[in-house]
Amino acid sequence: MRILIAEDDSILADGLVRSLRQSAYAVDHVKNGAEADAALSLETFDLLILDLGLPRLSGLEVLRRLRARNSNLPVLILSAADSVDERVKGLDLGADDYMAKPFALNELEARVRALTRRGAGGGPTVVRHGPLSFDQVGRVARIHDQALDLSARELGLLEVLLQRLGRLVSKEQLVDHLCAWGEEVSNNAIEVYVHRLRKKLEAGGVRIVTVRGIGYCIEREAPTVGAPTLNPMPDPAPDLTSGRTPNPATGRTPTRTPEASSALPAGHDCK
């Protein structure tokens, strides 16, 4: 799950980023409204944490433009304790929840989990694949009801592979979904994360298949009757480095590319 934080207070933003990354979320941070609007226009996120008092472009204007693009991205707004009118305007413009500063980090994390459930349509948040279960909100994976000791990276990797169950995920796509802007993660590092996760899953009979030179997928099996499935995630196009252009507001190169099918190539079946 990828979260964008739009907050000009560096100390507060750093605390939010550290806290959410420890909970296995991929987190990006921008410091003004213009950067936030550009990032939301060019890239895909699962949640926006939006300060209303942003410089260059107000948080309310960022929110208005987001909803004008018909985006249903869950939005949690942050505001000063005395700005009741601003919070009301934000909710009227389509924000899903708000918090007044100062606030406790554990309460913000609880609201993030609640918005995650709401974004999933209020349906079941535990996904099952054979003996494997993954709680998308609690960020816990289990095999035969025994909790797995997974790092934040391994949890994020498992989530991406389950979201594309039976379909191929390239190393470049894994980097896009697991890593924040500016993080240097090599293909070798991805191989290490996959190797560690594979060892922990294989004991329970869940296999990660490697298609050499292309990517990875979790081997599909007959679905359990009544088991929920993850909402399909956008399928980014292959990484065509020469075709990427920097974000005009931030100068960063976008980590996402336009959506395209990631179906397995002929002869590479994960069933």
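Start counting the sequence shown at 7; every next residue gets the next number (this note's numbering).
All residues carry an ideal CB built from backbone N, CA and C; glycine is no exception.
Note that the coordinates shown come from a computational prediction; the quantities given were computed from them, not determined experimentally.
Check: Burial state of Ile17 (16 or more Cβ within 10 Å); Outcome: exposed
Check: Boundaries of the beta strand (DSSP E) in which Arg148 is found, first to last residue; Outcome: Val146 to Ile149
Check: Beta-carbon spacing of Val68, Ala106 below 9 angstroms; Outcome: no
Check: The stretch 44-56 contacting the stretch 72-82, beta-carbon criterion three pairs below 8 angstroms; Outcome: yes
Check: Simplified DSSP assignment, three categories, for Ala101; Outcome: coil
Check: Selected residue, minimal CA-CA separation from Arg226, among Ile220, Gly219 and Val215; Outcome: Val215
Check: Gly219 burial status per 10 Å Cβ neighbour count (16 or more: buried); Outcome: exposed
Check: For Val81: DSSP bridge partner residues; Outcome: Leu54
Check: Touching by the beta-carbon criterion (3+ pairs, under 8 angstroms), the stretch 163-170 and the stretch 191-208; Outcome: yes
Check: Counted within 10 angstroms of its Cβ, other Cβ atoms place Phe51 as buried (16 or more) or exposed; Outcome: buried
Check: Close Cβ partners of Tyr199 (< 7 angstroms) along its chain, the five nearest in sequence each way excluded; Outcome: Arg159, Glu160 and Leu163
Check: Residue range of the unbroken beta strand (DSSP E) whose run includes Arg134; Outcome: Val132 to His135
Check: Beta-ladder partner(s) of Ser139, from DSSP; Outcome: Arg134 and Arg148
Check: Pick from Tyr104, Ala116, Gly39 and Ala40 that is closest to Ser25, judged by C-alpha positions; Outcome: Ala116
Check: C-beta contact flag for Leu10 and Leu63 at 9 angstroms; Outcome: no
Check: The alpha helix (DSSP H) enclosing Leu203, as first and last residue numbers; Outcome: Asn193 to Glu208
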